[in-house]
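Asks: Letter 8 of the sequence shown, counting from 1, is numbered 8 in UniProt numbering, and no numbers are missing.
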Amino acid sequence: MRITHLGHASLLVEVADRRILIDPGVWSPEAHSQRDLSAILVTHQHPDHLDQDLLPELMSANPEVRVITDPETAELLQEKGIDVTALAGDDSVRLGEVTVTGVGKMHALINEDIPRIHNTGMRISADGEPTLFHTGDALDGDPGDIDIVAFALNAPWAASRDMTGFLRDLAAPIAIPVHDALLSETGRGLYLDQARGLGSQDTEIRDLSDGQPQEFTAR
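Listed below in structure tokens is the structure:
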């Protein structure tokens, strides 16, 4: 499995002859230049995870792509005439030899005055490959046994203790920090130090913020 961080919450995952783009939002411009995509996965509808204006252009540039989103986002896109597969928690879809399984249902609470929306975490697995879990904007989903978690380093809906507590509870072998566009370089360093020092001691924090692809192997 090869993973590239394309800014904020977006990842390009290359696994089992599939190129899978996750959360191409407005703060991830590199996501919209990707080509030869097999699938676009969207955890939820917020603009930092999905640029609805640019999605049709991205799909046109990738004519074989399949778009898979949480159920609420699927409804929004279907109303615009976009072909979308809805993926709820515990549901699965196949992309060749790759299985994508939904995890969880709701976005984390931001504020009592802001209505909550759907959020489907995305679990990506294939025989002989590591299993990746992208949380989207929630820290309460149970992905089962995984090798890698892409977790929100910082968010309006999470305190640092929530992030580090999630890492301790999950104790995945490798964790990739994403969802970091709100942080300055100094602040990002602080959050990374907390993830490493206060998260699980069994977890290696692998920072991909340089935008270079990294290879990952199954345990």
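Beta carbons are placed, not taken as given, at the ideal position from N, Cα and C, and that holds for glycine.
Predicted model only: the values in this text are computed from it and were never measured.
Would you please state the rounded distance, in angstroms, between the beta carbons of Asn-119 and Ala-138? I believe it to be under 8 Å.
Replies: 5 Å
Asks: Which runs of the alpha helix (DSSP H), 4 residues or longer, sit entirely within the segment 50-109?
Replies: 55-61, 71-79
Asks: Do the segment 140-152 and the segment 38-49 touch if we need at least three Cβ pairs shorter than 8 Å?
Replies: no
Asks: Can you tell which of Leu-12, Glu-97, Thr-135, Val-65 has its C-alpha closest to the C-alpha of Ala-31?
Replies: Leu-12
Asks: Which ranges would you report for the beta strand (DSSP E) in the segment 109-189 if only whole runs of at least 3 residues count?
Replies: 121-125, 132-134, 148-152, 174-178, all fully within the segment 109-189.
Asks: Is it true that the CB of Glu-97 sits closer than 8 Å to the CB of Ala-16?
Replies: yes
Asks: Helix, strand or coil for Arg-18? Go by DSSP, reduced to three states.
Replies: Here Arg-18 sits in strand by DSSP.
Asks: Cα separation between His-46 and Leu-153?
Replies: Near 17 Å, if we compare the C-alpha coordinates of Leu-153 and His-46.
Asks: Tell me, please, which residues DSSP counts as bridged to Val-13.
Replies: Ile-3, Ile-20.
Asks: Could you please give the first and the last residue of the uninterrupted beta strand (DSSP E) stretch that includes Val-26?
Replies: It is not in any beta strand (DSSP E) - Val-26 carries neither H nor E in the DSSP assignment.
Asks: Under three-state DSSP, which class holds Ala-31?
Replies: helix
Asks: Is the number of C-beta pairs between the segment 188-208 and the segment 163-179 that are closer than 8 Å three or more?
Replies: yes
Asks: For Thr-4, count neighbouring C-beta atoms within 10 Å of its own C-beta (all shown protein chains included) and say buried if the count is 16 or more, exposed if not.
Replies: buried
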